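Remarks on the structure that follows.
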Amino acid sequence: MSPESARRAESLGYKNVKVFHDGLPAWKKGGHIIVSEAASLKDLIEKDMSFVLIDLRDAKDAGNGFIQGAVSVPMKELSASKDKFPADLSAPIVLYSDKNAEEAFKQVRSWGFKETSILNGGIDSWKKSGGKISAGKPGTNIVYVFKPRPGEISIEEFKTIAEKGAPDKLILDVRESDEAMHGIITGAVNIPADKLGERLGELPKDKEIIIHCVTGIRAEGAYDTLKAKGVKARFLNAVIQIDKDGKYEITKK
Amino acid sequence: MKKSKTLKLVIMAALAILITGQTAFSAEKPTIAPQCKQCHQPAKDVIRGTLVGISENFKTVQVATGKLVWVINYSDDLKLSGAEKISGIPKEKEVAVAFVEKDKVPYAVSLSVKPPATVPPEKIVSTDELLKLIASGPEKGGYVLLDSRPAPRYMEGHLPQAVSMPFDKFDSLKDTLLPADKEKLLIFYCGGVT
Chain A
3 MSPESARRAE SLGYKNVKVF HDGLPAWKKG GHIIVSEAAS LKDLIEKDMS FVLIDLRDAK
63 DAGNGFIQGA VSVPMKELSA SKDKFPADLS APIVLYSDKN AEEAFKQVRS WGFKETSILN
123 GGIDSWKKSG GKISAGKPGT NIVYVFKPRP GEISIEEFKT IAEKGAPDKL ILDVRESDEA
183 MHGIITGAVN IPADKLGERL GELPKDKEII IHCVTGIRAE GAYDTLKAKG VKARFLNAVI
243 QIDKDGKYEI TKK
Chain B
512 MKKSKTLKLV IMAALAILIT GQTAFSAEKP TIAPQCKQCH QPAKDVIRGT LVGISENFKT
572 VQVATGKLVW VINYSDDLKL SGAEKISGIP KEKEVAVAFV EKDKVPYAVS LSVKPPATVP
632 PEKIVSTDEL LKLIASGPEK GGYVLLDSRP APRYMEGHLP QAVSMPFDKF DSLKDTLLPA
692 DKEKLLIFYC GGVT
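Those sequence lines, one after another, are chains A and B.
Note that our numbering has the first sequence beginning at 3, numbered continuously upward.
Note that our numbering has the second sequence beginning at 512, numbered continuously upward.
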């Protein structure tokens, strides 16, 4: 998407356009700061997904109102609190404060939590966005139980459908058409994720739609689109590679 | 419904030829789709647009240039690039078809499928360069950092001080998000493999 955006900017007359081609995955891998927005945190709370929310302020401030579901780990106690953190390093961790939280990010990220982010604007932007504030004392123990994301299909079930087929299910490949050109699961239909809204009519009405892309990211977006339209669907939240004969390999993220 | 529409179009095209004495694909029918104009100039002998369909029985390819659809004949010696066989090209793919006119009907000479976008090395920013820019901030660093991914992905996690400009909303956001100064450094990024 970014090379195309850059091209468009150039066609508008911008003379100094560049692309950070390594993109977000490389940035994350390098352990650099990632910022998340209040809207995403709201979504996590509303969808009842598993994540860890850390209030880095002093206990006194946290006691005057904190974000729903937050656990209080004051900044000065953070480095000694490693044991409180979940064993699952893929747990999403959202940090917030009323000060700069970069140091806390680096600390948590150094423990191996790949999905760590700093809430942009801290508690103030949460309030501004209309987010709920809880009163009383926030908890001090982190509880994290992994839950599949809503709409996720298990790798095993996906494989069964892909191999044996199912009369009441259809596999939908939402990769770009040029990706699907180089190999697609036998019997699957390709509609690129960004075209799904306008091409809904091509889907059978009497089948559950099983969606995949390469990593599950576009597939989840497509799942949201279909769900909003009342279409029964699930998606594969794993990495899948398909060769030109339709043979595939699925690996957990 | 579709058939009768096609028939109507054919009749209208025939009428146009009768009345004006010209071929159907001269004056009004654009040879280039609006989205292709961002990078390509219109040409009389190349049709650029999205693939509507291929009929291997009738040996025709249909290419939409905006709302209008071209029906172009082809033969087995059609030169293909970006695809191994004509039946493997997915619908809605952006293609360019060079053609010649034979008996007032377009015949395809070559068909090329749009390759994935590539970025020349001098336009690539490395992580280290970007870290330095971000450390000084957009104002001091004199840049604007734009996230091309869909908005929910941006919300979930983005680079510090990046602005959300989803690729599919580019046109509607360009006036509000892009700076007036055309010399300003713009850096786009996205999610790599998704």
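Glycine included, each C-beta is placed from N, C-alpha and C at the ideal position.
Keep in mind it's a predicted model, so treat the numbers as computed, not measured.
- By the Cβ neighbour-count rule, A/ASN102 is exposed, with fewer than 16 other Cβ atoms within 10 Å of its own.
- Within the same chain, VAL176, ARG177, ALA221 come within 6 Å of A/CYS215 by CB-CB distance, once the 5 residues on both sides are set aside.
- Across the set A/ILE135, A/ILE252, A/ASP247, the C-alpha of A/ASP247 shows the shortest separation from the C-alpha of A/THR188.
- Against chain A, the CB of B/GLU694 has a partner CB under 8 Å away; the residue lies at that interface.
- For A/TRP128, none of the residues of chain B pass the 7 Å Cβ criterion, the least Cβ distance being about 13 Å.
- Not flagged as an interface residue toward chain A: B/GLY577, since no C-beta distance is shorter than 8 Å.
- Per DSSP, the unbroken beta strand (DSSP E) holding B/SER623 starts and ends at 616–624.
- Think of a sphere of 9 Å around the beta carbon of B/LEU670: the chain A residues whose beta carbon falls inside it are PHE22, LEU26, TRP29, HIS34, ILE35, ILE36, VAL37, in chain order.
- Taking C-beta separations shorter than 8 Å and ignoring five residues to either side along the sequence, the partners of B/TYR665 in its chain run ASP658, ALA673, SER675, PRO677, following chain order.
- One Cα belongs to A/ARG151, the other to A/MET51, and the distance between them is close to 7 Å.
- The region 166–232 of chain A is shown to contain whole alpha helix (DSSP H) runs of 4 or more residues at 179–182, 219–230, in chain order.
- At a C-beta separation below 7 Å, A/ARG10 has these neighbours in chain B: GLN549, PHE681.
- Not one beta carbon of chain B lies nearer than 8 Å to the beta carbon of A/PRO76.
- Distance between A/HIS184 and B/ALA594, taken at the CA atoms: about 10 Å.
- Chain A places no beta carbon closer than 8 Å to that of B/LEU591, leaving this residue out of the contacts.
- The Cβ atoms of A/ALA240 and A/LYS254 sit closer than 8 Å to each other.
- Annotated as proximal: A/LEU202 and A/LYS231, with beta-carbon spacing under 8 Å.
- If one requires a minimum length of 3 residues, the beta strand (DSSP E) runs lying completely within the region 15–101 of chain A are 19–22, 54–57, 95–98, in chain order.
- Annotation for B/GLY599: no beta strand (DSSP E) segment contains it, and DSSP assigns it neither H nor E.
- Under the Cβ criterion of 8 Å, B/ILE698 is counted among the residues facing chain A.
- The alpha-carbon separation between B/LEU670 and B/PRO632 amounts to approximately 22 Å.
- Assigned with DSSP and collapsed to three states, A/GLU251 falls in strand.
- Apart from sequence neighbours up to five positions away, the residues of its chain that approach B/LEU644 with a beta-carbon distance below 7 Å are GLY652, TYR654, ordered along the chain.
- For B/THR561, the enclosing beta strand (DSSP E) starts and ends at 557–566.
- Partner residues in the beta bridge of B/PHE699, as assigned by DSSP, are A/VAL21, B/LEU657.
- For the C-beta of B/ILE543, not a single chain A residue is nearer than 7 Å; the gap to the nearest is close to 14 Å.
- Taking the C-beta atoms as reference points, A/LEU238 is found nearer than 8 Å to A/GLY218.
- In this structure A/ASN122 is in contact with A/GLU39, their Cβ atoms being roughly 5 Å apart against a cut-off of 8 Å.
- In the three-state DSSP reduction, A/ALA8 falls in the helix class (H, G or I).
- In its chain, beyond the 5 residues on either side, LYS171, ILE173, ILE212 have a beta carbon closer than 7 Å to the beta carbon of A/ILE163.
- Assigned with DSSP and collapsed to three states, B/ALA607 falls in strand.
- For A/TYR16, the nearest beta carbon of chain B is closer than 8 Å to its own beta carbon.
- B/SER683 and B/ALA691 have their C-alpha atoms some 16 Å from each other.
- CA-to-CA, the gap between B/LYS685 and B/VAL636 works out to about 22 Å.
- With 16 or more other CB atoms across the displayed protein chains lying within 10 angstroms of its CB, A/ALA8 is buried.
- Look at B/ILE565: its C-beta is not under 8 Å from any C-beta on chain A.
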